[in-house]
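With full-length UniProt numbering as the guide, the letters of the sequence shown map in order to residues 1 to 691.
Cβ atoms here follow ideal geometry from the backbone N, Cα and C, with glycine treated the same way.
Each remark here refers to the structure printed beneath this line.
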Amino acid sequence: MEYSVSFEIPKWPNSGETLEPINMEIDGTQQQSAAPLLVEEATQELGSEPYDDEQPSYVPAELVKPWCSNDASALYHCYLIQMKPNFCYDIPVNDIVLGMRSELDCDIANMTFDLEVGRGTITVNFKKAAEIHLSSEQVLQCRRFQITIFRILLDHELQNLGKVLERLCWGQNLGIESIDYLLLPAARMHQRLSIIDWECVTSVSFRCEENSEYHVDCSSPKNCSGVLHTKNGMVCTCRIQNSLVYTPHTGLLYCITGLLDDLNGNSLLIPRGRRARTYKTHYEEKHGIKLRFNQQLLLKGKHIFKVQNYLQSCRQQTERDSSHTSVELPPELCSIVMSPLSVSNLYSFSFVPSIMHRLESLLLAVNLKRMVFDRWTENVTIPAIKVLEAITTKHCKENLHLESLETLGDSFLKYAASQQLFKTYQNDDEGDLTVKREKIISNDALCKFGCDRKLPGFIRNECFDPKSWIIPGDYSGSSFLNEELPFNERNIYIRGRRKVKGKRVADVVEALIGHFLAQVDLVHIPYERHFQVQPEKLIDVRHLESLLNNYSFRHPHLLLEALTHRSYMLPQIPGCYERLEFLGDAVLDYVITVYLYNKYPGMSPGVLTDMRSASVNNNCYALSAVKARLHEHILASDNVHSNIANTVNNFERLSMESTFGWESETSFSEALADIIESLAGAIFVDSEYDE
């Protein structure tokens, strides 16, 4: 789809000149609003107020809800988070259920992305599952589960868990607005009466007295009585084999994966480089603990997993993974924290903070997209992931960032401003047009434009730290201020403030323009120049057209203007090529940038910039002019022609194997490069601004 949009020029200080905005069309339909990311206030003086780099950090309203325990029930939209490891590992990954109070945008509900794990990648898929009603008691139970499992994974201790769970009940009674969604273990396929594994959810409420009896359907290992003595008391073996335990003598947490068939307290422990001794002796000598139940089989435990930023691109596993090793634990020294809880569930939940950070970021992108496009009367398909790319800086160290889109947007702004100024100020010379263009597309102007639209709150400019991730339902000092977004009635929440440089805001504006407006055409304004001479009397129009790929000029006077140097001025010619050069420079820059961006979509921003520089430069243009023998048709003074002749002589001595136009072996007359740009401008105007 192609759009025609308005580009409004600000009032120039002390000039009194203003320009009325041009109407925008989409598929021929008149729109009352201007292009969403182009300057709208025609009389506004840009960049006049100082910028405050203390800016808000937004949280999507979809994630913040009040909950009151007096509510009988709540509706949750459930999505299955499916994870597929692309590597071999002895611990499988389980699905997670995400319960949202608001339905996700269709652009997000089916998203797919990869997590960068040290040993490979995990592909994450979202899938709409069901809508369920949960009672207030069930919601409280779910919140207790997710707070417990995430506090354990993030803190690796139990010290603060009790206080956090106390605040949970306090917050629910007051109906405080907080991050509210549910993250729960998914039921296995053969248990799918419910998509939620409720047995695992209730693992937080483990009570020894309910699990001390030997269950008929559980199979105990040989040499095991069926029940074990633990810190909690007598517990059935099936309840401890998939559990999370705490050992007070070390202060560590372990995930129990089973019982060791041939090891008990009397078995020999053979540490590396030390004397052999029994486990009973080891615990007495090292910890001063006398084991009372020596005949009990030892438990096989794994260190709990470390939560990391799995969105970080090319993340390498730089430290030893302690969760890969196992330890032997006497049951009587273990206090059960959660049961049943498999090591697979614990492993799977360690990836969830990174997954939810990506979801939160995408929801911010969706909110920004709605804020921008709610004013458009036509439906326009804008992928949320591309908006996210436009608001993500390289500081996030993720596999997407704004630099390529910023390059595209920067080129488009130069092109759009140049075209509009060229058409509007038809009596201004190149210098005046350049000054006005710089005021429009300066970083200060773009930053103010972004701030007026509350754009800084959407910008992602920090690497994700799982420690700062807010656990849903955790009222540990988190508070959110409600803020209304401009242009619509949508609200968003502020979680705090952080520093965002003004240059960063300008970069994001350019990136958003690069994404939204890559297909924009500006409304046609006739270009009027009054020539009192027939072009054919001064230049060979037909021959020149053959040199320009047989392009036929509707208005040959544009060709004459494009070849007229300022040193060759006749009363019959109203101006030299500099105005067309001003326009052609921007057109060539933009067209080549768009071509490279679309031709090589995976190209890094640095390579994109280098390739553009290799194509868009004076030496390259000058060589092209000489090869096409365009220099023979320039209308200029004898001095200019003398410089051109020297350039041509040097060019004929150059080796054709030398770098073409980029870091070349000689210097060139500026007039040669200028006419390539002026001819591009002339063709652009003559074709009624058809790219």
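Fill in: the segment 606-618 in contact with the segment 636-651 per 3-pair CB rule at 8 Å
With a cut-off of 8 Å, the segment 636-651 and the segment 606-618 do not count as touching, because too few Cβ pairs lie within range.
Worksheet item: Smallest Cα separation from Ser-313: which of Arg-275, Gln-159, Gly-120 and His-287?
Response: Here residue 313 corresponds to residue number 313 of the sequence shown, with the count starting at 1. Comparing C-alpha distances from Ser-313 to each of Arg-275, Gln-159, Gly-120 and His-287 shows the shortest one belongs to Gly-120.
Item to complete: Under the assumption that Lys-414 contacts Ala-671 (Cβ atoms under 8 Å), give the Cβ distance between them as a whole number of angstroms.
Response: Here the question's residue 414 lines up with position 414 in the sequence shown. Here the question's residue 671 lines up with position 671 in the sequence shown. The pair is not a contact, with the Cβ atoms about 22 Å apart (cut-off 8 Å).
Worksheet item: If we count the other Cβ atoms within 10 Å of its Cβ and call it buried at 16 or more, is Asp-261 buried or exposed?
Response: Along the sequence shown, read from residue 1 onward, the residue named residue 261 stands at position 261. For Asp-261, the number of other beta carbons within 10 angstroms of its own is below 16, and it is reported as exposed.
Practice prompt. Would you tell me roughly how many angstroms separate the C-alpha atoms of Met-603 and Phe-87, rounded to the nearest one?
Written response: The count along the sequence shown starts at 1 and reaches residue 603 at position 603. The count along the sequence shown starts at 1 and reaches residue 87 at position 87. Straight through space, the alpha carbons of Phe-87 and Met-603 are spaced by roughly 27 Å.
Practice prompt. Report, in whole angstroms, the separation of the C-beta atoms of Val-204 and Arg-144, which I expect to be a contact under 8 Å.
Written response: As a working mapping, residue 204 is identified with position 204 in the sequence shown. As a working mapping, residue 144 is identified with position 144 in the sequence shown. Yes, Val-204 and Arg-144 are in contact; Cβ-Cβ is about 5 Å, under 8 Å.
Discussion item. In the DSSP assignment, the beta strand (DSSP E) including Gln-312 goes from what residue to what residue?
Written reply: The count along the sequence shown starts at 1 and reaches residue 312 at position 312. Where Gln-312 is concerned, there is no enclosing beta strand (DSSP E), because DSSP gives it neither an H nor an E.
Discussion item. Does Asp-114 come out as helix, strand or coil in the three-state DSSP assignment?
Written reply: Position 114 of the sequence shown, counted from the first residue, corresponds to residue 114. Asp-114 carries a strand assignment under DSSP once its states are collapsed to helix, strand and coil.
Discussion item. Counting beta carbon pairs with one atom in the segment 532-541 and one in the segment 488-497, are three or more of them shorter than 8 Å?
Written reply: Judged by Cβ distances under 8 Å, the segment 488-497 makes no contact with the segment 532-541, as fewer than three pairs qualify.
Item to complete: Flag this pair as yes or no: are the beta carbons of Leu-421 and Leu-433 separated by less than 8 Å?
Response: Numbered from its first residue, the sequence shown carries residue 421 at position 421. Numbered from its first residue, the sequence shown carries residue 433 at position 433. One thing to note: Leu-421 has its Cβ within 8 Å of the Cβ of Leu-433.
Item to complete: Please classify Ile-270: does DSSP put it in a helix, a strand, or coil?
Response: Looking up residue 270 in the sequence shown gives position 270. In the structure shown, Ile-270 sits in coil (DSSP, three-state: anything other than H, G, I, E or B).
Fill in: Pick from Pro-50, Asn-650 and Pro-605 that is closest to Ala-622, judged by C-alpha positions
The residue you call residue 622 lines up with position 622 of the sequence shown. The shortest Cα separation from Ala-622 among Pro-50, Asn-650 and Pro-605 belongs to Asn-650.
Worksheet item: Below 8 Å, can you find three or more Cβ-Cβ pairs linking the segment 563-573 to the segment 587-600?
Response: Contact between the segment 563-573 and the segment 587-600 is absent: fewer than 3 CB-CB pairs across the two stretches fall below 8 Å.
Worksheet entry | Option in Met-83, Ser-615 and Arg-101 with minimal Cα separation from Asp-180 | As a first step, residue 180 is located in the sequence shown; it is residue number 180 there, counting from the start. When each option's Cα is compared against that of Asp-180, the closest is Arg-101.
Fill in: Terminal residues of the beta strand (DSSP E) in which Leu-548 lies
Numbered from 1 along the sequence shown, position 548 holds the residue referred to as residue 548. Neither: Leu-548 is in no beta strand (DSSP E) and is coded neither H nor E.
Worksheet item: What are the start and end residues of each continuous beta strand (DSSP E) run of 3 or more residues lying completely inside the segment 530-617, in chain order?
Response: Taken in chain order, the whole beta strand (DSSP E) runs of length 3 or more contained in the segment 530-617 number zero.
Worksheet entry | Inter-residue spacing [alpha-carbon to alpha-carbon] between Glu-234 and Pro-248 | Here residue 234 is taken as the residue at index 234 of the sequence shown, counted from 1. Here residue 248 is taken as the residue at index 248 of the sequence shown, counted from 1. Note that residue 234 is Met in the sequence shown, not Glu. If I take the Cα positions, the gap works out to 18 Å.
Worksheet entry | Whole-number beta carbon distance between Leu-268 and Glu-332, since they are thought to touch under 8 Å | Here residue 332 refers to the residue found at position 332 when the sequence shown is read from its first residue. Here residue 268 refers to the residue found at position 268 when the sequence shown is read from its first residue. About 19 Å separates the Cβ atoms of Glu-332 and Leu-268, ruling out a contact at the 8 Å cut-off.
Discussion item. Short of 7 Å in beta carbon distance, which residues of its chain neighbour Val-117, apart from the five on each side in sequence? Order them along the chain.
Written reply: Start at 1 with the first residue of the sequence shown, and residue 117 comes out as number 117. The residues are Tyr-310.
Worksheet item: If you run the structure through DSSP and keep just helix, strand and coil, what is Asn-86?
Response: Translated into positions along the sequence shown, residue 86 becomes position 86. Asn-86 carries a coil assignment under DSSP once its states are collapsed to helix, strand and coil.
Worksheet item: Which residue comes first and which comes last in the alpha helix (DSSP H) that contains Tyr-415?
Response: In the sequence shown, counting from the first residue as 1, residue 415 sits at position 415. Its alpha helix (DSSP H) spans residues 403-424.
Worksheet item: Taking just the CA atoms, how far does Ser-136 sit from Pro-472?
Response: Within the sequence shown, residue 472 is the residue found at index 472, counting from 1. Within the sequence shown, residue 136 is the residue found at index 136, counting from 1. Each residue's Cα considered, the two are about 16 Å apart.
Practice prompt. Can you tell me which of the three DSSP states Val-685 falls into?
Written response: Residue numbering aside, residue 685 sits at position 685 when the sequence shown is read from its first letter. It is helical.
Worksheet item: Hey, Leu-259 and Thr-278 are a contact pair by Cβ (cut 8 Å); roughly how many whole angstroms apart?
Response: Numbered from its first residue, the sequence shown carries residue 259 at position 259. Numbered from its first residue, the sequence shown carries residue 278 at position 278. Not confirmed; about 18 Å, so no contact.
Worksheet item: Taking the alpha-carbon positions, what's the Val-227 to Gln-55 distance?
Response: Here residue 227 is taken as the residue at index 227 of the sequence shown, counted from 1. Here residue 55 is taken as the residue at index 55 of the sequence shown, counted from 1. Across the structure, Val-227 and Gln-55 are spaced so that their CA atoms are roughly 58 Å apart.
Practice prompt. Compare the Cα-Cα distances from Lys-286 to each of Pro-271, Leu-299, Leu-298 and Gln-296 and report the closest residue.
Written response: Within the sequence shown, numbered from 1, the residue matching residue 286 stands at position 286. It is Pro-271.
Worksheet item: Could you give the residue range of the alpha helix (DSSP H) that holds Thr-434?
Response: Residue numbering aside, residue 434 sits at position 434 when the sequence shown is read from its first letter. Element bounds for Thr-434: 430-441.
Worksheet item: From Glu-403 to Lys-503, what distance separates their C-alpha atoms?
Response: By 1-based counting over the sequence shown, the position of residue 403 is 403. By 1-based counting over the sequence shown, the position of residue 503 is 503. Approximately 13 Å between the Cα atoms of the pair.
Worksheet item: Can you tell which of Cys-334, Phe-351 and Ser-339 has its C-alpha closest to the C-alpha of Phe-305?
Response: Along the sequence shown, read from residue 1 onward, the residue named residue 305 stands at position 305. Among Cys-334, Phe-351 and Ser-339, the Cα nearest to that of Phe-305 belongs to Phe-351.
Worksheet item: Nearest-angstrom Cα distance between Leu-544 and Leu-630?
Response: Along the sequence shown, read from residue 1 onward, the residue named residue 544 stands at position 544. Along the sequence shown, read from residue 1 onward, the residue named residue 630 stands at position 630. Each residue's alpha carbon lies about 8 Å from the other.
Item to complete: Could you check the C-alpha separation between Tyr-246 and Pro-456 for me, to the nearest Å?
Response: Taking the first residue of the sequence shown as position 1, residue 246 is located at position 246. Taking the first residue of the sequence shown as position 1, residue 456 is located at position 456. Approximately 44 Å between the Cα atoms of the pair.
Practice prompt. Give the straight-line distance between the Cα atoms of Cys-78 and Ser-687, rounded to the nearest whole angstrom.
Written response: For the purposes of this step, residue 78 is identified with residue 78 of the sequence shown, where counting begins at 1. For the purposes of this step, residue 687 is identified with residue 687 of the sequence shown, where counting begins at 1. Going from the Cα of Cys-78 to the Cα of Ser-687 covers about 54 Å.
Item to complete: With DSSP as the reference, label Tyr-3 as helix, strand or coil.
Response: Along the sequence shown, one-based indexing puts residue 3 at 3. Reliability of the predicted coordinates at Tyr-3 is poor, the pLDDT of 35 falling under 50, and no value is obtained from them.
Discussion item. Just to confirm the assignment, what range does the alpha helix (DSSP H) spanning Glu-389 have?
Written reply: Sequence index remark: in the sequence shown, residue 389 carries index 389 (1-based). Secondary structure note for Glu-389: its alpha helix (DSSP H) is the uninterrupted segment 384-390.
Practice prompt. Please confirm if the segment 349-367 is in contact with the segment 461-472, defined as three or more CB-CB distances below 8 Å between the two stretches.
Written response: Segments in contact, yes.
Worksheet item: Should the segment 501-515 be called in touch with the segment 551-558, which here means at least 3 C-beta pairs below 8 Å?
Response: Cβ pair count under 8 Å is below three, so no.
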